[in-house]
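> Under my numbering, the letters of the sequence shown match residues 1 to 402, in that order. Below you will find the structure I want to go over with you.
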Amino acid sequence: MDLSLGPEDEAFRTEVRRFLDENLSEDLREAGRKTGGVFADFAAGLRWHKVLARRGWSAPIWPKEYGGTGWTATQRYIFSRECSTADAPRIFSMGIRMVGPVIMKYGTAEQKAKYLPGIVSGDLVFCQGYSEPGSGSDLASLRMRAVRDGDDYVIDGTKIWTTGAHVANCMFCLVRTATEGKPQDGISFVLIDSMERPGLTVKPIVTLAGDHEVNQVFFDNVRTPVANRIGPENAGWTVAKYLLEFERGGDAYTPNLHARLEDVRRIAREEAADGSGRLVDVPGFARRLADAALAVQSLEMIELQVLSDLSKGRNPGAASSLMKIRGSETLQVIDHLGVEALAWYAAPFEPEARLLGHNEPTATPDYGITAMPLYLNNRAATIYAGSNEIQRNIIAKVILGL
Numbered sequence: 001m002d003l004s005l006g007p008e009d010e011a012f013r014t015e016v017r018r019f020l021d022e023n024l025s026e027d028l029r030e031a032g033r034k035t036g037g038v039f040a041d042f043a044a045g046l047r048w049h050k051v052l053a054r055r056g057w058s059a060p061i062w063p064k065e066y067g068g069t070g071w072t073a074t075q076r077y078i079f080s081r082e083c084s085t086a087d088a089p090r091i092f093s094m095g096i097r098m099v100g101p102v103i104m105k106y107g108t109a110e111q112k113a114k115y116l117p118g119i120v121s122g123d124l125v126f127c128q129g130y131s132e133p134g135s136g137s138d139l140a141s142l143r144m145r146a147v148r149d150g151d152d153y154v155i156d157g158t159k160i161w162t163t164g165a166h167v168a169n170c171m172f173c174l175v176r177t178a179t180e181g182k183p184q185d186g187i188s189f190v191l192i193d194s195m196e197r198p199g200l201t202v203k204p205i206v207t208l209a210g211d212h213e214v215n216q217v218f219f220d221n222v223r224t225p226v227a228n229r230i231g232p233e234n235a236g237w238t239v240a241k242y243l244l245e246f247e248r249g250g251d252a253y254t255p256n257l258h259a260r261l262e263d264v265r266r267i268a269r270e271e272a273a274d275g276s277g278r279l280v281d282v283p284g285f286a287r288r289l290a291d292a293a294l295a296v297q298s299l300e301m302i303e304l305q306v307l308s309d310l311s312k313g314r315n316p317g318a319a320s321s322l323m324k325i326r327g328s329e330t331l332q333v334i335d336h337l338g339v340e341a342l343a344w345y346a347a348p349f350e351p352e353a354r355l356l357g358h359n360e361p362t363a364t365p366d367y368g369i370t371a372m373p374l375y376l377n378n379r380a381a382t383i384y385a386g387s388n389e390i391q392r393n394i395i396a397k398v399i400l401g402l
């Protein structure tokens, strides 16, 4: 890989910076800065999605024929890095990053025409219905049943840890359509084209950080057309594995990690060490910051290679497991440094301080408001999208041949 930016890429970066300066309002930047979870304020993310869609930039990883940008891997990385640096809110991208590529590969012409334009525009917002109580990393043990009734499936059961179900209007989910044979053989991949379907109930789960990101979703005789199944009946496991490669490795971790590392540096420049001047100048802490920066740079090289493969039409494969492990564990290291740097100011629980327009005095300095919420929320980073123990098993089997 040539890691230097040529004139065309430099011009593209200038174009992106100009676009962000002109379109990223201060309230959107504030939402990006003050999120304590995986996504910024959902409403802000959906607004930003619409802004990007008007510019034709909402689907960076998609080919032009489906409404994507057709960008090179380098351009996609530049865009992601500049958005993180500018505090742009992360869009709720499960449609763009996950189910969109699945529909492109496995969907019918009718399904592509029905769903892909709406995903690009932001009119169709998908959440993911995979995990169930007792079926997380062991996803093949899922029990939610879908029974054929004429042209519909009738679905009963529950999904849990469903991010954004309270703001999404669609869902892609795995359901059990057969009980014979291996557990993987009886699973189908279906789309719920409306979260308002009778019998579907969303109940919130509030995280340790005080955020409402995830939910439990209950299905009581919920109907969805058989025409909304992606791929053949009972072949959903193949579809699901393809999607998980994009969930784990279809997007770069390091633009966010670079931004988080700079947040920690900012805290360490402001906070004083006990009798030793600024914390950022203390050798032990400075060394650990440098170690984290090296970890981010190492991961960046892997991501650039994977993004290059994606631009050539190759899916991430088992490399996505490596990215997921390194990205999530490095994130937790940076979060730990942030809380350590903030010291006792990290202790107060002040979720209202992250609300837009909040002007009341707070115990925590403004530059550290998100340190503890991010630390708490990101404890799950090594569990969601397939636990890191599972990812190591995949690497051992597929890459090392053990």
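Virtual Cβ for every residue (Gly too), placed ideally from N, Cα, C.
Starting from Pro225, follow its DSSP beta bridges and name the residues at the other end.
Its beta-bridge partners are Asp152.
> Is Thr177 near the ligand FMN, in the sense that its beta carbon is under 8 Å from a heavy atom of that ligand?
Annotation note on the ligand FMN: not contained in the displayed structure, which lists no ligands.
> Here's the rule: buried if 16 or more other CB atoms are within 10 angstroms of the residue's CB, otherwise exposed. What is Asp151?
So Asp151 ends up on the exposed side.
> Going by DSSP, what residues sit across from Gly277 in a beta bridge?
DSSP lists no partner for Gly277.
> Can you have a look at Met301 and say buried or exposed, based on whether 16 or more other CB atoms are within 10 angstroms of its CB?
Exposed, by the Cβ-count rule.
> With DSSP run on the structure shown, which of helix, strand or coil describes Met372?
Looking at Met372 - three-state DSSP - the assignment turns out to be helix.
> What did DSSP end up calling Glu65 once you bin it into helix, strand or coil?
Helix at Glu65.
> Just reading off the alpha helix (DSSP H) that Leu116 is part of, what are its end residues?
Unbroken alpha helix (DSSP H) run through Leu116: Ala109 to Ser121.
> Ends of the beta strand (DSSP E) at Arg176?
Segment Cys170 to Arg176, the beta strand (DSSP E) holding Arg176.
> To which residues of the same chain is Pro255 closer than 6 Å at the C-beta, ignoring the five residues directly before and after it?
These residues qualify, in order along the chain: Ser80, Arg81 and Ser84.
> Rounding to the nearest angstrom, what Cα-Cα distance links Thr158 and Asp27 in this structure?
C-alpha separation (whole angstroms): 36 Å.
> Identify whether Asp87 lies in helix, strand or coil by the three-state DSSP scheme.
Asp87 falls in the coil class under three-state DSSP.
> For the alpha helix (DSSP H) that Pro255 lies in, which residues bound it at each end?
Residues Thr254 to Glu270.
> If you pair each beta-carbon of the region 153–169 with each one of the region 188–195, do three or more pairs fall below 8 Å?
Short answer: they touch.
> Do you know how far the Cα of Pro101 is from the Cα of Leu124?
Cα-Cα distance, rounded: 15 Å.
> Taking one C-beta from the region 286–296 and one from the region 330–342 each time, how about it: are there three or more such pairs within less than 8 Å?
Yes, the region 286–296 touches the region 330–342.
> Kindly indicate the opening and closing residues of the alpha helix (DSSP H) around Ile334.
From DSSP, the alpha helix (DSSP H) with Ile334 extends over Ala319 to Leu342.
> Count the other CB atoms within 10 Å of the CB of Asp87; is the residue buried (16 or more) or exposed (fewer)?
That one is buried.
> For Asn215, I'd like the list of residues in its chain whose CB is within less than 7 Å of its CB, leaving aside the five on either flank, ordered along the chain.
Answer for Asn215: Thr162, Ala165, His166, Val202, Lys203, Pro204 and Ile205, listed in chain order.
> Does the distance from the CB of Val99 to the CB of Phe126 come in under 9 Å?
Contact: yes.
> In the DSSP assignment, what are the bridge partners of Gln128?
Phe172.
> Assuming the contact rule is C-beta atoms closer than 8 Å, His258 and Val296 should be a hit. Round their C-beta distance to whole Å, please.
With 8 Å as the limit, His258 and Val296 qualify as a contact, their Cβ atoms being about 6 Å apart.
> Hey, would you say Phe19 sits closer than 9 Å to Arg55, going by beta carbons?
Yes, the pair counts as a contact, with Cβ atoms nearer than the cut-off.
> Report all residues from its chain with a CB closer than 7 Å to the CB of Ser328; omit the five preceding and five following residues, and keep chain order.
The answer, listed in chain order, is Ala381, Thr382 and Asn388.
> Chain B beta carbons: is any one of them nearer than 9 Å to that of Arg76?
Of the protein chains in this structure there is only one, and it is not chain B.
> Whole angstroms is fine: what's the gap from Asp2's alpha carbon to Thr72's?
Annotation note: pLDDT 48 at Asp2 (below 50); position unreliable, no value reported.
> Can you list the alpha helix (DSSP H) stretches of 4 or more residues lying completely in the region 10–61, in chain order?
Entirely contained in the region 10–61, the alpha helix (DSSP H) runs reaching 4 residues are, in chain order, 26–34 and 42–55.
> Measuring alpha carbon to alpha carbon, tell me which residue in Ser298, Ala347 and Val175 is nearest Arg326.
Residue Ser298 is the option with its Cα nearest to Arg326.
> With a CB to CB cut of under 7 Å and the five nearest residues on each side skipped, what residues in its chain are close to Glu180?
Gly186, listed in sequence order.
> May I ask you to list the residues that DSSP assigns as paired with Lys159?
Note: Lys159 sits in a beta bridge opposite Val217.
> Can you name the residues that DSSP bridges to His166?
For His166, which the question treats as bridged, DSSP gives no partner whatsoever.
> Within this structure, are the beta carbons of Ile394 and Ala318 separated by less than 9 Å?
A contact, by the Cβ cut-off of 9 Å.
> Mark Leu261 as exposed unless 16 or more other C-beta atoms lie within 10 angstroms of its C-beta, in which case mark it buried.
Burial call: buried.
> Which one or two residues does DSSP pair with Val206 in a beta bridge?
Partner(s): His212.
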